[in-house]
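So for the sequence shown, the working numbering puts the first residue at 58; every next one is plus one.
Remarks on the structure that follows.
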Amino acid sequence: MNGKKILFVSSELVPYLPENEVSLMSYEAPRMVNSNGGQIRIFMPRYGNINERRHQLHEVIRLSGMNLVINDMDMPLIIKVASIPKERIQVYFIDNEEYFKRKATFTDKQGNLFPDNDQRAIFFAKGVMETVKKLNWSPDIIHVHGWMASLLPLYLKKYYADEPLFADSKIVLSVYGRTFEGALDKDMIKKIAFDGIPEEAIASLAEPTYNNLLKIAVDYSDAIILASEDIPEELENHISNQEKPVLPYVPVQEFEEAYANFYNTEVLK
58 MNGKKILFVS SELVPYLPEN EVSLMSYEAP RMVNSNGGQI RIFMPRYGNI
108 NERRHQLHEV IRLSGMNLVI NDMDMPLIIK VASIPKERIQ VYFIDNEEYF
158 KRKATFTDKQ GNLFPDNDQR AIFFAKGVME TVKKLNWSPD IIHVHGWMAS
208 LLPLYLKKYY ADEPLFADSK IVLSVYGRTF EGALDKDMIK KIAFDGIPEE
258 AIASLAEPTY NNLLKIAVDY SDAIILASED IPEELENHIS NQEKPVLPYV
308 PVQEFEEAYA NFYNTEVLK
């Protein structure tokens, strides 16, 4: 991994959120690349249940201040950073008062999905890309974890298709077991189409379930990692129909060599 630039984009990350498959691997994979001489950047949303004081988040004024248009609304983009203790790894947080101030990640106290989760996902994908453009940092690999980050492959290949900074970037998607029931807002497909992405390119998002979100992410990624033992059968079948490199599930205790080999021999070949 020496000298390779890898951008990690994740829905969740320890130590900022509780440990689960997504948040743990979103920490372990960058740590592995960092310890093997790679250059990394990590992005995640700044949910309101992240303790800013304890984790010493602070705003980066030079990166903040732009507005992103989401479904014909101007939404201010705020960028914050923090460092993971001991690892010397910096994390960038995508923030916006409207989308991320509430003291929860994806659901309310009753377990209901937030009605604007679709717009939060669009804002996160565009916010990451715009911030990386401001950093003028061209990644060799963009590794996506978690459903809140799942629109990034689509936006990179469609909305940012002519952006030279990402011309040679390869997208790796980690697919996890089902992480929400139900569906996001039924008008999600129209909100994405507002950005000039043809509805026929995202037809399955007419019903924005977890499986359909991940199918779109698979379609626009260059390589797939099966990051859970238990992947929904519908998703497994969709992945098997793609002519793309796929890394079968590897337990977290054994992932380092497998991921490094996959990056070097399958993704960057």
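Backbone N, C-alpha and C define an ideal beta-carbon position, used for all residues, glycine too.
Note that the C-beta distance between F181 and I141 is not below 7 Å.
With a cutoff of 7 Å on beta-carbon distance, I282 and I63 are scored as not near each other. Here the alpha carbon of Y104 sits roughly 7 Å from the alpha carbon of A161.
Beta-bridge annotation (DSSP): I179 is not paired with any residue.
Residue pairing by DSSP puts D131 in a beta bridge opposite V126. Under the three-state reduction of DSSP, S278 is assigned to coil, being neither helix nor strand. In this chain, M58 is not harboured by any alpha helix (DSSP H), its DSSP state being neither H nor E.
If the five residues before and after E291 are omitted, its C-beta is found closer than 6 Å to the C-beta atoms of N268, all from its own chain and listed in chain order. Put simply, of R145, V307, R110, M123 the residue whose alpha carbon is nearest the alpha carbon of G95 is R145. Between F251 and V185 a beta carbon distance of about 19 Å is seen, past the 8 Å cut, so the two are scored as non-contacting.
The C-beta of E69 has 16 or more other C-beta atoms within 10 Å across all chains shown, which makes the residue buried.
Ranked by how close their Cα comes to the Cα of R98, the residues K301, L192, D244 have L192 in first place.
In the three-state reduction of the DSSP assignment, F312 falls in the helix class.
When DSSP states are grouped into helix, strand and coil, P196 belongs to the coil group.
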